[in-house]
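What follows is a short report on a single structure.
Protein chains: 2
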Amino acid sequence: MELRTENLIGFDYSAKGSKKFQSFNPLTNASNPWEFSVATAAECQLATQKAAKAFEIYQQTSLKDRSKFLRAIAQNITDLGPHLLETYCLESGLAMGRAQGECARTIGQLEGFAKALDSGQYLEPTIDTADPSRSPIPKVDLRKLNQPIGPIVVFGASNFPLAYSTAGGDTASALAVGCPVIVKAHPMHPATGSLVTTAILQAAQQTGMPDGVFSNLNSNTFELGQQLVQDPRIKGVGFTGSVSGGTALYQLAQNRTEPIPVFAEMGSVNPVVVLPEALDQSDSWAKSYASSITLGSGQFCTNPGLIFCIENPKLDTFIETLKKELSTIEANSMLHPSIHKSFERGRATVEENATLIGQSKGNESLSYPGRGSIYQVDASTFANNPRLHQEVFGPLSLLVRCQNIEELIPIIQSLEGQLTGTILGTTSAIKQASKLVEVLKSRVGRLIFNGVPTGVEVCTAMQHGGPFPASTDPRFTAVGVHSMKRWLRPISYQNWPDEFLPEALKASNPLGLWRLIDNQWTKN
Amino acid sequence: MELRTENLIGFDYSAKGSKKFQSFNPLTNASNPWEFSVATAAECQLATQKAAKAFEIYQQTSLKDRSKFLRAIAQNITDLGPHLLETYCLESGLAMGRAQGECARTIGQLEGFAKALDSGQYLEPTIDTADPSRSPIPKVDLRKLNQPIGPIVVFGASNFPLAYSTAGGDTASALAVGCPVIVKAHPMHPATGSLVTTAILQAAQQTGMPDGVFSNLNSNTFELGQQLVQDPRIKGVGFTGSVSGGTALYQLAQNRTEPIPVFAEMGSVNPVVVLPEALDQSDSWAKSYASSITLGSGQFCTNPGLIFCIENPKLDTFIETLKKELSTIEANSMLHPSIHKSFERGRATVEENATLIGQSKGNESLSYPGRGSIYQVDASTFANNPRLHQEVFGPLSLLVRCQNIEELIPIIQSLEGQLTGTILGTTSAIKQASKLVEVLKSRVGRLIFNGVPTGVEVCTAMQHGGPFPASTDPRFTAVGVHSMKRWLRPISYQNWPDEFLPEALKASNPLGLWRLIDNQWTKN
Numbered sequence: 148m149e150l151r152t153e154n155l156i157g158f159d160y161s162a163k164g165s166k167k168f169q170s171f172n173p174l175t176n177a178s179n180p181w182e183f184s185v186a187t188a189a190e191c192q193l194a195t196q197k198a199a200k201a202f203e204i205y206q207q208t209s210l211k212d213r214s215k216f217l218r219a220i221a222q223n224i225t226d227l228g229p230h231l232l233e234t235y236c237l238e239s240g241l242a243m244g245r246a247q248g249e250c251a252r253t254i255g256q257l258e259g260f261a262k263a264l265d266s267g268q269y270l271e272p273t274i275d276t277a278d279p280s281r282s283p284i285p286k287v288d289l290r291k292l293n294q295p296i297g298p299i300v301v302f303g304a305s306n307f308p309l310a311y312s313t314a315g316g317d318t319a320s321a322l323a324v325g326c327p328v329i330v331k332a333h334p335m336h337p338a339t340g341s342l343v344t345t346a347i348l349q350a351a352q353q354t355g356m357p358d359g360v361f362s363n364l365n366s367n368t369f370e371l372g373q374q375l376v377q378d379p380r381i382k383g384v385g386f387t388g389s390v391s392g393g394t395a396l397y398q399l400a401q402n403r404t405e406p407i408p409v410f411a412e413m414g415s416v417n418p419v420v421v422l423p424e425a426l427d428q429s430d431s432w433a434k435s436y437a438s439s440i441t442l443g444s445g446q447f448c449t450n451p452g453l454i455f456c457i458e459n460p461k462l463d464t465f466i467e468t469l470k471k472e473l474s475t476i477e478a479n480s481m482l483h484p485s486i487h488k489s490f491e492r493g494r495a496t497v498e499e500n501a502t503l504i505g506q507s508k509g510n511e512s513l514s515y516p517g518r519g520s521i522y523q524v525d526a527s528t529f530a531n532n533p534r535l536h537q538e539v540f541g542p543l544s545l546l547v548r549c550q551n552i553e554e555l556i557p558i559i560q561s562l563e564g565q566l567t568g569t570i571l572g573t574t575s576a577i578k579q580a581s582k583l584v585e586v587l588k589s590r591v592g593r594l595i596f597n598g599v600p601t602g603v604e605v606c607t608a609m610q611h612g613g614p615f616p617a618s619t620d621p622r623f624t625a626v627g628v629h630s631m632k633r634w635l636r637p638i639s640y641q642n643w644p645d646e647f648l649p650e651a652l653k654a655s656n657p658l659g660l661w662r663l664i665d666n667q668w669t670k671n
Numbered sequence: 148m149e150l151r152t153e154n155l156i157g158f159d160y161s162a163k164g165s166k167k168f169q170s171f172n173p174l175t176n177a178s179n180p181w182e183f184s185v186a187t188a189a190e191c192q193l194a195t196q197k198a199a200k201a202f203e204i205y206q207q208t209s210l211k212d213r214s215k216f217l218r219a220i221a222q223n224i225t226d227l228g229p230h231l232l233e234t235y236c237l238e239s240g241l242a243m244g245r246a247q248g249e250c251a252r253t254i255g256q257l258e259g260f261a262k263a264l265d266s267g268q269y270l271e272p273t274i275d276t277a278d279p280s281r282s283p284i285p286k287v288d289l290r291k292l293n294q295p296i297g298p299i300v301v302f303g304a305s306n307f308p309l310a311y312s313t314a315g316g317d318t319a320s321a322l323a324v325g326c327p328v329i330v331k332a333h334p335m336h337p338a339t340g341s342l343v344t345t346a347i348l349q350a351a352q353q354t355g356m357p358d359g360v361f362s363n364l365n366s367n368t369f370e371l372g373q374q375l376v377q378d379p380r381i382k383g384v385g386f387t388g389s390v391s392g393g394t395a396l397y398q399l400a401q402n403r404t405e406p407i408p409v410f411a412e413m414g415s416v417n418p419v420v421v422l423p424e425a426l427d428q429s430d431s432w433a434k435s436y437a438s439s440i441t442l443g444s445g446q447f448c449t450n451p452g453l454i455f456c457i458e459n460p461k462l463d464t465f466i467e468t469l470k471k472e473l474s475t476i477e478a479n480s481m482l483h484p485s486i487h488k489s490f491e492r493g494r495a496t497v498e499e500n501a502t503l504i505g506q507s508k509g510n511e512s513l514s515y516p517g518r519g520s521i522y523q524v525d526a527s528t529f530a531n532n533p534r535l536h537q538e539v540f541g542p543l544s545l546l547v548r549c550q551n552i553e554e555l556i557p558i559i560q561s562l563e564g565q566l567t568g569t570i571l572g573t574t575s576a577i578k579q580a581s582k583l584v585e586v587l588k589s590r591v592g593r594l595i596f597n598g599v600p601t602g603v604e605v606c607t608a609m610q611h612g613g614p615f616p617a618s619t620d621p622r623f624t625a626v627g628v629h630s631m632k633r634w635l636r637p638i639s640y641q642n643w644p645d646e647f648l649p650e651a652l653k654a655s656n657p658l659g660l661w662r663l664i665d666n667q668w669t670k671n
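Structure follows, in structure tokens:
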């Protein structure tokens, strides 16, 4: 498969601009060979025009048609094989194993959304039947179902070149419900994005989807993204990245003449509370956490950035073991020089107020090593330094020593919103700490008992999104089939003739869906 | 029952400020006797502090307890009897019949949410069970359910002193899910609000709800509302009113350090399309629409402000009948001098480009009559004057004459988002107009066939909310039990010990709820 360096606008490749940029290989410390064309303002506008036009047709496609489309994308990505995985590695410095895992997850997500289309439950068909005899006013027939909101812009994520980029969760969930997608590719991995783009283009053509159902635009500056978010044809935005980036896009979108929903999944330090009772398994937790902190060079939104420990006689043993376990792990490369630089800057900030207590093994062959680092600080120093509460993107964890649970509670209360909160302990210990659990719950989207926050299961019961700034709207999730809800709005049909109702609402229930009829779930 | 003129802050009445204001009786053209105390900044802060404190307790209350609380409010409002209804009339100029109807709706809404708590479906319990044998990574147990987001501010609506004010839909839906509420009472009906406040206060005390679960603050200026929306303890806002008011609050909320959801239900002109085939029932539609336009002096968000007619031989007869029907209806008072003034100002704007073709009967005994008025304009004049697209709040409808459906389609496309869109015709006529229907659907939250947009059925399948500026987030509804979704966020519990899970997620399903377990609905 030829690697295209143009932008894809609907079914056409386009490179009208004169500006180019290259991605970077952090392992070889050199630019990758391909020169990608920066999309111009006119190309951006053409993409949004095509998306708006495509929406008219695409929203009318059947569940079955869109399911086929998603499955074709999955198949075409599979067919890209080693070419895709090798390109992924060249642009991220990540290992082949990670490339394979992330590719499998991307394909699994597409298939998961295809399955959700097979079941059609996401339409949430709700029917209240008429009662012409009701007095004083006869009751009308009302039938409601979810409809796609319109063209969506998806920003590729630096840390998930496949699973949260071109054909990742945001794109797949929007395409699933009938929204055309324009991807603003992440400039760190345009070649990976270009290959996946080809897979989507071919799938769209194979399954008869309209020109404009998908576009992929490249740029290494902010202007393109700003233009996309401000374009009146765009009706929603998906973003995974930094708090500053996500907040800027969110503000732009809210200040439009017609504000639109922006689902930005941003920073998180994922607090972990180690209750004294957990330290009976001190060795096993130390091992799990040394591994969780350094997984993927810590470049995960669920990385455990804060570990709160309650003072107890076994704590020093736990810390010693953690230190030892960490020292056996070799540093891997970070994704990009700029991410490495900002990691080192964040580390320097932490170092001003906290003490380094352990590091992973250095690796002198790397130009941009993400060296796993654990710092320690006492609770009152932590409480008085809000900069220590902020995420340092990379393999860094700050261990905060608290005298007791009472000292910890106001600290948890003062944290910003988080994706996850974890408690290590025993069930009897949790019983003693119910107030702590309540406070932690108020700050997070997912509560974990005796586990690590890394590893986000893609399933219906997953909530990946928490109070701001973990995400811009905690009422939605970025992972799992419920992420489709971000791009849907209900429409009610009142006394609408049965033959013109959408299939999901017809009296005969031709799709065989579960429907809420007069407040009872039924398939009749 | 004594009518209190203080603010209610949790369980305490408070009147620390020196500023006072009175409501106005448009029928007598005089101020009402009571002097209400404007809430001070300190009182406002105390209310949000109490609400935040109350949230800790209130979110833990059971479905049953909150259901009792809502039913007690409904009962206490019922017990207020004629005193409440008479006060309502004194502050609104509306007739006793409307007072009774709106009171019944308010009570019905409270009971509807109480019923929703009995069923517990709004929790949407979703469970994905563990699979320890899964390779390469064992699958964790994940259980998700909806939780309240925190204290909500509700702005009372000028046009619904009961059903969308103190204990109206916004308040009832928020209280139902476990969110404390602070009402910023509408300054046009503080006495009505004060009586309902007493009903809520008593219900809270009767059913053991925490101090701060509800507060009611009075003010006749903007500052109080702005302070409330910007207070970091407030986690969501419900508003019904003008586009300018709703947009201003929305922007304030989005520019907070922590942005919060604002559900504002704002302006709508509720386009109606009269297909030629509808005019076989010309007389009956003329009667229905003369009545719909003037209902409640046109002071409804679903008032039919635009009627698009396709030229045909029967059109002039329809217009003549509409004119005649309208002339038999006597004008009623508008809610307030300021609403009357702005209606007359809007009418003058319409008059610059359109021709008056019919009016309701004048009523010289009224100081602020809302005189039903129908104007006519041709399609191209309408298309070229965007000011004609805007809502005139009151009994005014603009009839737009179009040559054919092709001329109408781009006009509908150019309209802003709307709460409703209506088509009058036959099923065979709809078949011919499928493109028109699609375009109309893209602009609205509710599609109506052969009916009037006024009359909003309170039921599960109702969608009351449309693309901006009909509402700020068309993904939610302001009416019906699904309006509870505005104040909920999902939380996932990962590997959480069964005994500490919320009831709705426990293995034994003690609440007997329908739950989505491994993607299957079941009560097991």
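Residue numbers (the numbering used here), protein chains in the order written: chain U, 148 to 671; chain F, 148 to 671.
Just so it is clear, CB atoms sit at the ideal spot from N, CA and C, and this is done for glycine as well.
Do you know how far the Cα of residue j is from the Cα of residue i?
i	j	result
residue 258/U	residue 325/U	16 Å
residue 562/U	residue 652/F	27 Å
residue 316/U	residue 188/U	27 Å
residue 303/U	residue 585/U	35 Å
residue 272/F	residue 290/F	7 Å
residue 392/F	residue 159/F	29 Å
residue 594/F	residue 451/U	48 Å
residue 484/F	residue 548/F	33 Å
residue 478/U	residue 417/U	22 Å
Please classify residue i: is it buried, with 16 or more other beta-carbons within 10 angstroms of its beta-carbon, or exposed?
i	result
residue 503/F	exposed
residue 435/U	buried
residue 275/F	buried
residue 229/F	exposed
residue 620/U	buried
residue 550/F	exposed
residue 176/F	exposed
residue 243/F	exposed
residue 284/U	exposed
residue 412/F	buried
residue 383/F	buried
Over what stretch of residues does the beta strand (DSSP E) that includes residue i continue unbroken?
i	result
residue 539/U	Premise fails: residue 539/U is in no beta strand (DSSP E) and is neither H nor E.
residue 588/F	Where residue 588/F is concerned, there is no enclosing beta strand (DSSP E), although the alpha helix (DSSP H) it sits in stretches over 581 to 590.
residue 636/F	635 to 641
residue 343/U	Looking at the DSSP string, residue 343/U is not in any beta strand (DSSP E); the run it does join, the alpha helix (DSSP H), is 337 to 353.
residue 191/F	From DSSP, residue 191/F is part of no beta strand (DSSP E) but of the alpha helix (DSSP H) over 188 to 205.
residue 439/F	Taken as a continuous stretch (DSSP letters only), residue 439/F belongs to no beta strand (DSSP E), being part of the alpha helix (DSSP H) at 429 to 441.
residue 299/F	299 to 302
Chain F partners of residue i, CB-CB under 7 Å?
i	result
residue 370/U	The contacting residues do not exist; residue 370/U stays about 22 Å from chain F at best.
What are the boundary residues of the alpha helix (DSSP H) that includes residue i?
i	result
residue 248/F	243 to 266
residue 477/U	Residue 477/U -> no alpha helix (DSSP H), and no H or E assigned at all.
Give the residues of chain U in contact with residue i, contact being defined as C-beta atoms less than 7 Å apart.
i	result
residue 420/F	The contacting residues do not exist; residue 420/F stays about 14 Å from chain U at best.
So residue i contacts chain U; which residues on that side make the cut at Cβ distance below 8 Å?
i	result
residue 609/F	275, 289, 291, 639
- Inside the region 505 to 534 of chain U only - alpha helix (DSSP H) runs reaching at least 4 residues: 526 to 530
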